[in-house]
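Trainee: Below is a structure I'd like to ask you about.
Protein chains: 2
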Amino acid sequence: MSGASLDFFYEFASPYSYLAAMRIAAVAEGAGVAVRWRPFLLGPIFQAQGYVDSPFNTLPLKRAHMWRDMERLTRIAHLPPLTRPEPFPAHALLAARVAAWLDDASRPAFSRAVFFAEFAQGRDISDRETVRQVLAGLGHFCDDIIADAEAPANKERLRAETEAAKSLGVFGAPSFVTADGELFWGNDRLEMALDHARALRDGAAPRASA
Amino acid sequence: MSGASLDFFYEFASPYSYLAAMRIAAVAEGAGVAVRWRPFLLGPIFQAQGYVDSPFNTLPLKRAHMWRDMERLTRIAHLPPLTRPEPFPAHALLAARVAAWLDDASRPAFSRAVFFAEFAQGRDISDRETVRQVLAGLGHFCDDIIADAEAPANKERLRAETEAAKSLGVFGAPSFVTADGELFWGNDRLEMALDHARALRDGAAPRASA
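Protein chains in written order, with the numbering used here: chain A, 18 to 227; chain B, 18 to 227.
In structure tokens, the structure reads:
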């Protein structure tokens, strides 16, 4: 019998992905669930749903609530005061490509550092120099990695991850998917996803009714 | 010093309003927070945001996740297996008018019974007979109440509640608003809203940063 596992789909421009990224390692370890970090791009998925922009931009009331909610949640999580990326959503392509290129052992720390730069330090992650500094701060050979991340094979890797997310029904970020294909959307659903991953391991997961 | 209080804005067609309605009385009592039940109509608020239909209808992936999520959450809450209203969202105008007409003491029980009929019993709440039966089951003079609920003064009362919700920034349901105007959207935010209501009473609420 293999252990419990969970796929964590995240997008660097997504505020709630930031919250999930900062806590998932500790919470999943406590639950005994292995996490696979899977960066993807929300843009193509939003486009496929007919969005012309993030709903946080097209719906001003939803946007206003999201920032207040994020301020409250970062305070509760004892994270630094929230900074709001400008423009929003941030253009996260390079960061996502680097995250896709890194191996499973290095990807979480890099991803947390990108999110932290963006939402806690107010840095512009669309700026190549920010990505370089985040990599360098983690002891990586930043220029080599960026070159590899922008090579065709790795661009294709990120595209494939986005396609994988889409084929699993992912429509927003963060999303969590268990081995049986059960989809959980949103930072608020992390605990439910972990419970489901454990129930699945133990042969006790409820089946889908439809 | 007055006590802690919370305004609970709900829409009978909203699945997550059902979840909030079934638990808010117990959770708020435990927290020592008085709840004001405020039914409103989401339709005019969605229209003002440019929606042509519920996002759950225009976004099939979001809709699929919502029903799965609701099935999981009703199971966790030990509610009966979820039934899906057809058509969705239900046409909840009459039920909302009756809820607006009832006094504060009678509104919660009626509202819970409407939600239960809709999401646990698979009944059509747009059907006048369903609303009659729900009222009768609670010992009300159903025909008199429905006549009063459809009188111009009460139609205006519900319209005013919807306008009040809009002026507080409500853009979805359920929503919770504390005395300082802080808005919390979604059943998932009930506990945070209660915490804020108590902090406000105790003079310890964090202020908005923007």
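Quick reminder that beta carbons are idealized off the backbone N, C-alpha and C, glycines included. Nothing here was measured: the structure is a model prediction, and the numbers come from that model.
For Pro72 of chain A, which option in A:Phe105, A:Glu178, A:Arg55 and A:Ala177 has the closest C-alpha, if you only look at C-alpha atoms?
Mentor: For Pro72 of chain A, the nearest C-alpha among the options comes from A:Phe105.
Trainee: Count the other C-beta atoms from every protein chain shown that fall within 10 angstroms of the C-beta of His82 of chain A, then say buried if there are 16 or more, exposed otherwise.
Mentor: The residue in question, His82 of chain A, is buried, as its Cβ has 16 or more Cβ neighbours within 10 Å.
Trainee: Between the Cα of Asp121 of chain A and those of A:Pro77, A:Arg55, A:Ala107 and A:Ala190, spot the shortest distance and give me the residue it belongs to.
Mentor: Checking every option, the nearest Cα to that of Asp121 of chain A belongs to A:Arg55.
Trainee: Give the C-beta separation of Ala112 of chain A and Ile93 of chain A to the nearest angstrom, bearing in mind that I take them to be a contact with Cβ-Cβ under 8 Å.
Mentor: That belief does not hold up - the Cβ atoms of Ala112 of chain A and Ile93 of chain A are roughly 26 Å apart, past 8 Å.
Trainee: Expressed to the nearest angstrom, what Euclidean distance is found between the alpha-carbon atoms of Leu155 of chain A and Glu208 of chain A?
Mentor: Spanning the two alpha carbons is a distance of roughly 29 Å.
Trainee: Would you call Glu199 of chain A buried or exposed, if buried means 16 or more other Cβ atoms sit within 10 Å of its Cβ?
Mentor: Classification for Glu199 of chain A: buried.
Trainee: Residues of chain A with CB closer than 9 Å to the CB of Gln66 of chain B, please, in chain order.
Mentor: Near Gln66 of chain B (Cβ distances below 9 Å), the residues of chain A are Thr75, Leu76, Pro77, Leu78 and Lys79.
Trainee: Return the first residue and the last residue of the beta strand (DSSP E) that Asp24 of chain B is part of.
Mentor: Unbroken beta strand (DSSP E) run through Asp24 of chain B: Ala21 to Tyr27.
Trainee: Taking the alpha-carbon of Ser192 of chain B as reference, which of B:Ala48, B:Ala168, B:Leu59 and B:Ile162 has the nearest alpha-carbon?
Mentor: For the residues B:Ala48, B:Ala168, B:Leu59 and B:Ile162, the minimum Cα distance to Ser192 of chain B belongs to B:Leu59.
Trainee: Whole beta strand (DSSP E) runs in the region 19-104 of chain A with 3 or more residues, listed along the chain?
Mentor: If we require 3 residues or more, the beta strand (DSSP E) runs fully inside the region 19-104 of chain A come out as 21-27 and 50-56.
Trainee: Under the DSSP definition of a beta bridge, which residues are partnered with Thr179 of chain A?
Mentor: In DSSP, Thr179 of chain A forms no bridge with anything.
Trainee: Given a cut-off of 8 Å on the beta-carbon distance, is the pair Tyr35 of chain B and Phe136 of chain B in contact?
Mentor: Going by C-beta atoms, Tyr35 of chain B is nearer than 8 Å to Phe136 of chain B.
Trainee: Run through the DSSP bridge pairs and tell me what Val194 of chain B is partnered with.
Mentor: Answer is B:Asp24 and B:Leu200, bridged to Val194 of chain B.
Trainee: Are there three or more Cβ pairs, one per stretch, closer than 8 Å when the region 18-37 of chain B is compared with the region 175-192 of chain B?
Mentor: Yes, since at least three Cβ pairs between the region 18-37 of chain B and the region 175-192 of chain B fall closer than 8 Å, the two stretches touch.
Trainee: Exposed or buried, which one is Ala21 of chain A when buried takes at least 16 other CB atoms within 10 Å?
Mentor: So Ala21 of chain A ends up on the buried side.
Trainee: Considering only the beta carbon of each residue, do Ala109 of chain B and Ala30 of chain B sit closer than 8 Å?
Mentor: Closer than 8 Å, so yes.
Trainee: Can you give me, in chain order, the residues of the region 185-199 of chain A that have a beta carbon less than 7 Å from any beta carbon in chain B?
Mentor: Those residues of the region 185-199 of chain A that come within reach of chain B (Cβ to Cβ, closer than 7 Å) are Gly186 and Phe188.
Trainee: Once you ignore the five residues that flank Val151 of chain B on each side, which residues in its own chain have a CB closer than 7 Å to its CB?
Mentor: Excluding residues within five positions, the ones whose Cβ falls inside 7 Å are Phe127, Ala130, Val131 and Ala134.
Trainee: Is Gly154 of chain B helix, strand or coil by DSSP?
Mentor: Gly154 of chain B: helix per DSSP, three-state reduction.
Trainee: Going by the CB atoms, is the gap between Leu23 of chain A and Ala210 of chain A shorter than 8 Å?
Mentor: A contact, by the Cβ cut-off of 8 Å.
Trainee: For His213 of chain B, which of helix, strand or coil comes out of DSSP?
Mentor: His213 of chain B: helix per DSSP, three-state reduction.
Trainee: Going along chain A, which residues have a C-beta under 9 Å from Met209 of chain B?
Mentor: Those are Asp86, Arg89, Leu90 and Ile93, listed as they occur along chain A.
Trainee: Which residues of chain A have a Cβ atom closer than 9 Å to the Cβ of Pro223 of chain B, listed in chain order?
Mentor: Simply Glu88, Arg89 and Arg92.
Trainee: Between which two residues does the alpha helix (DSSP H) containing Pro125 of chain A stretch?
Mentor: Segment Arg124 to Phe136, the alpha helix (DSSP H) holding Pro125 of chain A.
Trainee: Name the two residues that bound the continuous alpha helix (DSSP H) containing Val115 of chain A.
Mentor: Residues Leu110 to Trp118.
Trainee: Distance cutoff 8 Å, beta carbons only. Does Asp205 of chain A sit that close to anything in chain B?
Mentor: Yes, Asp205 of chain A lies at the interface with chain B (some Cβ there is under 8 Å from its Cβ).
Trainee: Out of A:Asp212, A:Leu78 and A:Ala42, which has the shortest C-alpha to C-alpha gap to Ser123 of chain A?
Mentor: Nearest C-alpha to Ser123 of chain A: A:Ala42.
Trainee: Compare the C-beta of His82 of chain B against all C-beta atoms of chain A and say whether one is closer than 8 Å.
Mentor: Taking Cβ atoms only, chain A reaches closer than 8 Å to His82 of chain B, which makes this a yes.
Trainee: Below 7 Å on C-beta distance, what does Trp54 of chain B contact in chain A?
Mentor: In chain order: nothing, as chain A lies at least about 21 Å away.
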